[in-house]
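Engineer:
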Amino acid sequence: MHVRKMAAQVIAAATVLAGAMIGTAVPAHAAGGCWNGGFDVNSGGDYTYRAYMCHNRSGAPLWGATRDMDHPNTVVGYMYSNPSWFACRIDNGQYNGNDIHPYRWLLAQADNGAWGWMKDTDISSETNPVPSCEDYWSGRL
Numbered sequence: 004m005h006v007r008k009m010a011a012q013v014i015a016a017a018t019v020l021a022g023a024m025i026g027t028a029v030p031a032h033a034a035g036g037c038w039n040g041g042f043d044v045n046s047g048g049d050y051t052y053r054a055y056m057c058h059n060r061s062g063a064p065l066w067g068a069t070r071d072m073d074h075p076n077t078v079v080g081y082m083y084s085n086p087s088w089f090a091c092r093i094d095n096g097q098y099n100g101n102d103i104h105p106y107r108w109l110l111a112q113a114d115n116g117a118w119g120w121m122k123d124t125d126i127s128s129e130t131n132p133v134p135s136c137e138d139y140w141s142g143r144l
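Last residue of the sequence shown: 144 (our numbering), numbering continuous.
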């Protein structure tokens with residue numbers, strides 16, 4: 004009986020240790036995904052987007068650029084809120100320094116009211132749940 008109890012304790016301890024080791028190896032993006040904010044936003048143009056909430060770095064810049072984010076030109080504003088809402092994402096922008104989503108940028112409105120693009124590297128939530136901008140622009144959404 005004593006041997007079984009000790010074996011069960013060893014197995015339980017090993018399971019806890021293995022779970023802790025696996026947990027430390029998870030990248031920051033896997034901590035939790037962006038979620039549907041339950042409201043719509045309009046960029047002042049032709050598109051109304053469903054807002055998705057994501058955890059981001061407070062004070063992160065938003066960059067002004069062409070619609071396809073080929074060449075970000077200048078910082079148009081900053082986002083001090085966290086979490087913040089995002090309208091959509093692109094995956095064909097300029098390289099952003101991220102190994103997980105290296106060309107991903109997200110469209111949002113800065114605290115000063117200007118619309119711009121935030122680098123995926125400034126967002127700690129997994130951004131896959133945020134719809135593609137192309138889906139909006141092509142009329143699929």
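Using N, Cα and C, we set each Cβ at its ideal position, and we do this for glycine too.
Note that the coordinates shown come from a computational prediction; the quantities given were computed from them, not determined experimentally.
Grab me the residues of Phe89's own chain with a C-beta within less than 6 Å of its C-beta, minus the 5 sequence neighbours each way, in chain order.
Structural biologist: Tyr55, Cys57, Leu109, Ala111, Val133
Engineer: Skipping 5 residues on each side, what residues in its chain have a beta carbon closer than 6 Å to that of Met121?
Structural biologist: Ala63, Leu65, Leu109, Ala111
Engineer: To the nearest whole angstrom, what separates the beta carbons of Cys1 and Ile93, a pair I think is in contact under 8 Å?
Structural biologist: The shown model of the chain, from 4 to 144, leaves out residue 1, and the question about it has no answer.
Engineer: Just mark Arg107 as buried or exposed, buried being the case when its beta carbon has 16 or more other beta carbons within 10 Å.
Structural biologist: buried
Engineer: Assign Asn131 to one of two classes, buried (16 or more other C-beta atoms within 10 Å of its C-beta) or exposed (fewer than that).
Structural biologist: exposed
Engineer: For the putative contact between Asn147 and Arg53, defined by C-beta atoms under 8 Å, what is the C-beta separation to the nearest angstrom?
Structural biologist: Within the shown structure, residues of the chain are numbered from 4 to 144, placing residue 147 beyond reach of any answer.
Engineer: Which same chain residues, not among the five before or five after Ser87, have their C-beta less than 6 Å away from its C-beta?
Structural biologist: Asn59
Engineer: So Asp102 is in the alpha helix (DSSP H); what residue range does that whole segment cover?
Structural biologist: Segment: none, Asp102 is in no alpha helix (DSSP H) and carries neither H nor E.
Engineer: So which of Arg143, Asn85, Gly48 has the shortest CA-CA distance to Ser127?
Structural biologist: Residue nearest to Ser127 within the set Arg143, Asn85, Gly48 is Asn85 (criterion: CA-CA distance).
Engineer: Out of Arg143, Gly80, Asp138, Gly96, which one is the CA nearest neighbour of Asn115?
Structural biologist: Gly80
Engineer: Which residues in the same chain have their Cβ closer than 7 Å to the Cβ of Tyr83, if we skip the five residues on either side of it in sequence?
Structural biologist: Short of 7 Å from the beta carbon of Tyr83, and not among the five residues preceding or following it, lie these beta carbons of its own chain, in chain order: Ser61, Gly62, Asp114.
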